[in-house]
Every structure is written in structure tokens, then in C-alpha cells.
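Under UniProt numbering, think of the first position of the sequence shown as 1, with each following residue one higher. By construction, the Cβ of each residue, glycine as well, lies at the ideal position given by its N, Cα and C atoms. Bear in mind the structure is a predicted one, so any value in this text is a computation, not a measurement. One structure is given here, and the rest of the page talks about it.
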Amino acid sequence: MKEERVVHPLAPIVDEECEILILGSLPSVKSREEHFYYANKQNRFWKVISAIYHEDLSTNKEKEEVLLKHHIALWDSIHSCIIKGSSDASIKDVIPNDIPQLINHTHIHTIICNGKTSEKYYKKYLEDKTHITPITLPSTSSANASYSLEKLIELYTNALKQA
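Right, here's the structure in full:
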């Protein structure tokens, strides 16, 4: 797989009532192809959200609705970068998303980073502009095998309750 510049293809899931922002790093190849967040069936993000809120999330519309119902926005730290496939380790030449602008039109007071890559770029480019210290949780990616689905559900539940 060769390196390529990828520009974030997805609009944030957000409305003015949102209080929590969950940030990934950049949509995977599968998510870019499917035009939706966490589209890779191996990623456990939607399983975690479904378990926390006891909602069946079969469609993308249902996924968006459950997030907004619970005042959760979803976006990514990176607007564009050079990357090989979906490899976070290969990311370079990052341009961040305009998180401060997004926050200005909401009630967001808590930012949760889904994984260390999201945290790295949020802290490097955005934290000093938003003045919100992120809560960093383990990535829901299947590549993060050191955390079981049950442990991810527990950690995300606790973070969302405290937010």
C-alpha cells in the first residue's frame, strides 16, 4: 500500500445541543469507502455505544440519532494527512480539523479521544485552542486486542457518565 494524502471526507455528527465530543483520528479506508464513521465491522465503537445506551444500531441513521439523543458529537482530530491505508503509525504531515469552530456552536464541555492517535494530534494542534483537556480512552479498533469489548464498554460508560 502506498502513501497518499487523504482529506477527511465526512461531516461531523453534531448539533447545537451536544455536550460531549468523541474524537477519532481519521476515518479508516473502509469508513472512507462507506462514507460513515467506524464502518469497519471489526471496529467495536458502535457495539460499545449500542451496549451503553441499550439501542439497536442497525442503520447509519440510527447511529447518528442515538449519539445526538445523548448530546454526543462525533468527529476526528485530523482534517488531512499523508497515510498508508488505515495505518495510524504511518500518519504524517497533519492538518487538524477545526475543532474550536465546531465547539463554538455547541455546548461541548468534554472531549473523549478514541485512542492514543486521536489524543496525540488533539493535544499537539487543538488543546491550546479549545482549553479542554481530553479524556483518553483505549481505541475501539480491533487492532487494539488488549482490551475486550466488555472492558471497553465499562471504560466508555464511566467516562460518559462523568462527562
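In chain order, what residues of the same chain have a beta carbon less than 6 Å from the beta carbon of residue i, not counting five sequence neighbours either side?
i	result
L21	A73, I108, I111
L155	L137
H131	none
I91	C81, I83
V6	I83
C18	H71, A73, T106, I108
T117	S25, D88
E3	I82, K84
For the beta strand (DSSP E) containing residue i, list its first residue and its last residue.
i	result
E4	3–7
What are the boundary residues of the alpha helix (DSSP H) that includes residue i?
i	result
P100	99–104
Shortest alpha-carbon distance to residue i belongs to which of the options?
i	options	result
E16	H105, T136, W46	H105
N40	L26, I52, E19	L26
H35	D88, N60, A163, K161	N60
F45	K161, P100, Y147, Q162	Y147
Q160	V48, S142, M1	Note on identity: in this sequence residue 160 is Leu, with Gln being the wrong assignment. The residue with the shortest Cα to Cα distance from L160 is V48.
V14	Q162, E64, S31, E3	E64
L102	E4, I153, L126, K2	L126
A51	S31, I153, Q42	I153
S142	N43, E3, L23, E33	N43
W75	K2, M1, E119	E119
Apart from the five residues on each side of it in sequence, which residues of its chain come closer than 7 Å, Cβ to Cβ, to residue i?
i	result
V29	G85, S86
Y53	V66, H70
Using a 10 Å radius around the Cβ and a threshold of 16 neighbouring Cβ atoms, would you call residue i buried or exposed?
i	result
D56	exposed
T140	buried
V66	buried
N114	buried
D128	exposed
L149	exposed
For residue i, collect the residues of the same chain with a Cβ closer than 8 Å to its Cβ; drop the 5 residues on either side in sequence, then sort them by chain order.
i	result
K123	P134
E78	Note that residue 78 corresponds to Ile in the displayed sequence, not to Glu. H8, S25, L26, I91, V94, I95, P96, N97, Y121, listed in sequence order.
N144	G115, P138
S31	L10, Y37, Y38, A39, N40
P100	L126, K129, T130
Problem set entry | Whole alpha helix (DSSP H) elements within the UniProt domain "Uracil-DNA glycosylase-like" (14–158), 4-residue minimum | If only uninterrupted alpha helix (DSSP H) runs of at least 4 residues are considered, those enclosed by the UniProt domain "Uracil-DNA glycosylase-like" (14–158) are 29–34, 45–53, 60–69, 99–104, 116–125, 127–130.
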